[in-house]
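K.L.:
Letter by letter, the sequence shown follows residues 1 to 280 of the UniProt record's numbering.
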Amino acid sequence: MSALLQVSDLVVEYHGAQVVRAVDEVSLSIEPGEVLALVGESGCGKSSLARAVVGMEKPRSGSVRYRGTTVPLLGVRRREKRFTSIQMVFQDPNSSLNPRVKVGQQISEGITTALVRGEAGSVPEEWLERVGLPTSMVGRYPYELSGGQRQRVAIARALAARPDVLVADEPISALDASSQASVADMMRRLALDAGAGLLFISHDLAIVRLIADRTVVMYRGRIVESGVSERIWSDPMHPYTRALLSAIPEPDGRGVLPAAPAAEAPLEWRSALPHALDRV
1 MSALLQVSDL VVEYHGAQVV RAVDEVSLSI EPGEVLALVG ESGCGKSSLA RAVVGMEKPR
61 SGSVRYRGTT VPLLGVRRRE KRFTSIQMVF QDPNSSLNPR VKVGQQISEG ITTALVRGEA
121 GSVPEEWLER VGLPTSMVGR YPYELSGGQR QRVAIARALA ARPDVLVADE PISALDASSQ
181 ASVADMMRRL ALDAGAGLLF ISHDLAIVRL IADRTVVMYR GRIVESGVSE RIWSDPMHPY
241 TRALLSAIPE PDGRGVLPAA PAAEAPLEWR SALPHALDRV
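1) Determine whether the beta carbon atoms of Ala156 and Ile107 lie at a separation below 7 Å.
2) Tell me, to the nearest whole angstrom, how far the beta carbon of Pro93 is from that of Tyr141; I am working on the premise that it is less than 8 Å.
3) Per DSSP, which one or two residues make a beta bridge with Arg21?
4) For Tyr141, does the three-state DSSP call read helix, strand or coil?
5) Check whether the Cβ atoms of Val165 and Gly195 lie closer than 7 Å to each other.
6) From the DSSP output, in three-state form, read off Val26 for me.
7) In angstroms with no decimal places, state the Cα-to-Cα distance between Thr84 and Leu192.
8) Beta carbon of Arg176, beta carbon of Ile201: below 7 Å?
9) Could you tell me which residues DSSP pairs with Arg222 in its beta bridges?
10) Between Leu128 and Val103, what straight-line distance do the alpha-carbon atoms span, to the nearest angstrom?
11) Does the beta-carbon distance from Asp9 to Gly62 come in below 7 Å?
12) Is it buried or exposed for Pro251, if we count other Cβ within 10 angstroms and need 16 for buried?
13) Could I get the ranges of all uninterrupted alpha helix (DSSP H) runs contained in the segment 138-177, with 4 residues as the minimum, in chain order?
14) Taking the alpha carbon of Val11 as the point to measure from, which residue in Ala120, Asp24, Val20 and Leu4 has its own alpha carbon closest?
15) Let me know the alpha helix (DSSP H) ranges lying completely inside the segment 88-119, each 4 residues or longer, listed in chain order.
16) Can you tell which of Tyr240, Ser48, Arg79 and Val39 has its C-alpha closest to the C-alpha of Thr113?
17) Could you compute how far the alpha carbon of Gln105 sits from the alpha carbon of Ala181?
18) Are the CB atoms of Leu97 and Ala158 within a distance shorter than 7 Å?
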């Protein structure tokens, strides 16, 4: 099966007083109907990678290809319709929702995007129901909703575009704990049903284990371990992965990622271990 999305040797840098390499020669792929989880502490480059994947960040080098074609940088012009098959859900829904436009109209924009590509039609109420919101919210504005409700609307709008690739950057962090697992599972089921690939970025290790087929561990801009999720959980090979998993408290299985080690930390934390990569 050929990959929907292929990231090869991607480098993303930010230039200021000093050059910061946020993403350092990262390679990964997403298959149809697959959930690929990306985990690591804050500042390790996960969001920079996500933004580069959807064309919001210009790579210093390397490539991002969707169905074999390079994903172009987003500009002021409307994106070529085939690339609208790549959608993103942001951690902060306020960055993607227009506060002056009603919820139903914003979800309709996603529906229109799907129709332009020849996908099946739908109505906003259908997507609100799928993310667990009442259909009456079609006539409300984002500022009238709670943070968790706004995030569900953002997810609904992205899904309404019927993407082949959905990039979700901490999509459930704004939701209450009781609904995080159900929304994450819903995103997985919709991806499987549509044959789409889901890149799921999360700090919630219990959720990642629940929904991800494969897991990628990122540390200081690099991938230090990747492979089938259950194998990584049962037999982690990189020291950072082991520290990450050991930070999960019992008995509820939920945990917080450990902080990055200090500069004088053991060399094994900072260097890639070839045997920990691409485990199948």
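C-beta atoms are modelled at their ideal positions from N, C-alpha and C, and glycine is treated no differently.
P.N.:
For this structure:
1) In the sequence shown, the residue the question calls residue 156 occupies position 156. In the sequence shown, the residue the question calls residue 107 occupies position 107. Yes. Within cutoff.
2) Taking the first residue of the sequence shown as position 1, residue 93 is located at position 93. Taking the first residue of the sequence shown as position 1, residue 141 is located at position 141. Incorrect: roughly 13 Å between the Cβ atoms, too far for contact.
3) Within the sequence shown, residue 21 is the residue found at index 21, counting from 1. For Arg21, which the question treats as bridged, DSSP gives the partners Glu13.
4) Counted from its first residue, the sequence shown places residue 141 at position 141. The answer is coil: DSSP assigns Tyr141 none of H, G, I, E or B.
5) Mapped onto the sequence shown, residue 165 falls at position 165. Mapped onto the sequence shown, residue 195 falls at position 195. Taking 7 Å as the Cβ cut-off, Val165 and Gly195 do not qualify as a contacting pair.
6) Along the sequence shown, read from residue 1 onward, the residue named residue 26 stands at position 26. Residue state, collapsed to three classes: strand.
7) As a working mapping, residue 84 is identified with position 84 in the sequence shown. As a working mapping, residue 192 is identified with position 192 in the sequence shown. Going from the Cα of Thr84 to the Cα of Leu192 covers about 19 Å.
8) As a working note, residue 176 is residue 176 in the sequence shown. As a working note, residue 201 is residue 201 in the sequence shown. A quick correction: the sequence has Asp, not Arg, at residue 176. It is not a contact, given that the beta carbons lie outside the stated cut-off.
9) Along the sequence shown, one-based indexing puts residue 222 at 222. DSSP, once it has assigned bridges, lists Tyr219 as partnering Arg222.
10) In the sequence shown, the residue the question calls residue 128 occupies position 128. In the sequence shown, the residue the question calls residue 103 occupies position 103. So the alpha carbons of these two residues sit roughly 9 Å apart.
11) Here the question's residue 9 lines up with position 9 in the sequence shown. Here the question's residue 62 lines up with position 62 in the sequence shown. Contact flag set, yes.
12) Position 251 of the sequence shown, counted from the first residue, corresponds to residue 251. Confidence at Pro251 is low in this model, with a pLDDT of 41, below 50, so its placement is unreliable and no value can be given for it.
13) 147-160
14) Here residue 11 is taken as the residue at index 11 of the sequence shown, counted from 1. Comparing Cα-Cα distances from Val11 to each of Ala120, Asp24, Val20 and Leu4, the minimum goes to Asp24.
15) 103-116
16) Within the sequence shown, residue 113 is the residue found at index 113, counting from 1. The shortest C-alpha separation from Thr113 is found at Arg79.
17) If you number the sequence shown from 1, residue 105 lands on position 105. If you number the sequence shown from 1, residue 181 lands on position 181. In a straight line, the C-alpha of Gln105 is about 27 Å away from that of Ala181.
18) The residue given as residue 158 occupies position 158 in the sequence shown. The residue given as residue 97 occupies position 97 in the sequence shown. No.
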